[in-house]
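Asker: Got a structure here, written out as structure tokens. Questions coming.
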Amino acid sequence: MEDKKEGITGEYGETAGKEEFEPSLVGFFCNWCTSTAADLAGTTRLQYPPNIRPIRVMCSGAVDPVYVLRALCSGADGVIIGGCPPGDCHYISGNYKTRRRMAALKTILKTLGLDDDRVWVRWISASEGAKFARTMREFTEAMRKKGPNPLKNRWSI
Ligand code: FES
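If you read the sequence shown in our numbering, its first letter stands for residue 15, the second for the next number, and so on.
Shown next as structure tokens:
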């Protein structure tokens, strides 16, 4: 069991002293909007930090809060969920579900003693490559200021 936990931790990277801290971040991005915005940011050569491991999902509504908890407990310092702006979800109401679920998740995170600002939800449409790059810079900088996730390595779910 211990070996598996160490393997997961290694996957998300290690952290050194606070001065050199580089957060390991996970992003769940909806296929139709935020992932396309990420592609646009790349093709237009917009710069953003390489700290985020993007995971493409068909809709932000497919992101189960357990995925977010799993990432945080496995060593991610922050998780960002990107979806279509309200009213633009390709599956009608997926992003509204995301909004409700993540609000509930933040309550759970508070009870675990974790700063709920480690989980961000942002609506970034396909044409907003610049907004995607800016949001990733802001998210990375915010997590860098927060320092390492205190849940890191404490639990394995
Ligand atoms: S398809 Fe993008 S949030 Fe639902």
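Backbone N, C-alpha and C define an ideal beta-carbon position, used for all residues, glycine too.
G41 and G89: beta carbons closer than 8 Å?
Answerer: No, the Cβ-Cβ distance between G41 and G89 is not below 8 Å.
Asker: I need the boundaries of the beta strand (DSSP E) containing R67, first residue and last residue.
Answerer: Counting along the chain, the beta strand (DSSP E) containing R67 begins and ends at I66 to V71.
Asker: Using only CA atoms, which one of V135, A52, L54 and I106 lies nearest to R115?
Answerer: Of V135, A52, L54 and I106, the residue nearest in Cα terms is V135.
Asker: Out of K145, G101 and K120, point me to the one whose CA is closest to G92's CA.
Answerer: Measuring from the Cα of G92, the nearest candidate turns out to be K120.
Asker: Have a look at T58, L165, F35 and L123 and flag the residue whose alpha-carbon is nearest the alpha-carbon of K145.
Answerer: When each option's Cα is compared against that of K145, the closest is T58.
Asker: Assign E155 to one of two classes, buried (16 or more other C-beta atoms within 10 Å of its C-beta) or exposed (fewer than that).
Answerer: Exposed, by the Cβ-count rule.
Asker: Tell me R136's beta-bridge partners as DSSP assigns them.
Answerer: Answer is G96, bridged to R136.
Asker: Return the Cβ separation of R132 and M150 in integer angstroms, given the expectation that the two are a contact with Cβ distance under 8 Å.
Answerer: With 8 Å as the limit, R132 and M150 do not qualify as a contact, their Cβ atoms being about 15 Å apart.
Asker: What do you get for E142, buried or exposed, if any count of 16 or more other CB atoms within 10 angstroms of its CB means buried?
Answerer: Buried, because 16 or more other Cβ atoms sit within 10 Å of the Cβ of E142.
Asker: Where does G108 land, buried or exposed, given buried means 16+ other C-beta within 10 angstroms?
Answerer: By the neighbour-count rule (16 or more Cβ atoms within 10 Å), G108 is buried.
Asker: Quick one: grab the DSSP three-state call for C103.
Answerer: If DSSP states are grouped into helix, strand and coil, C103 belongs with coil.
Asker: Closer than 6 Å is what we want: which residues have a beta carbon that near any heavy atom of the ligand FES? List them in chain order.
Answerer: Going along the chain, the residues that qualify are C44, W46, C47, C73, S74, G75, G97, C98, C103, H104, Y105, G108 and N109.
Asker: Using the Cα positions of I69 and K159, report the straight-line distance between them to the nearest angstrom.
Answerer: Spanning the two alpha carbons is a distance of roughly 24 Å.
Asker: I'd like the list of long-range same chain contacts for P99, defined as Cβ closer than 6 Å, with 5 residues on each side in sequence excluded.
Answerer: Once the five neighbours on either side are set aside, the close Cβ partners of P99 are W137 and S139.
Asker: Where does G161 sit, in a helix, a strand or coil, going by DSSP?
Answerer: Looking at G161 - three-state DSSP - the assignment turns out to be coil, as it is neither helix nor strand.
Asker: Rounded to the nearest angstrom, what separates G24 and E34 at their Cα positions?
Answerer: Confidence at G24 is low in this model, with a pLDDT of 45, below 50, so the placement of that residue is unreliable and no value is reported for it.
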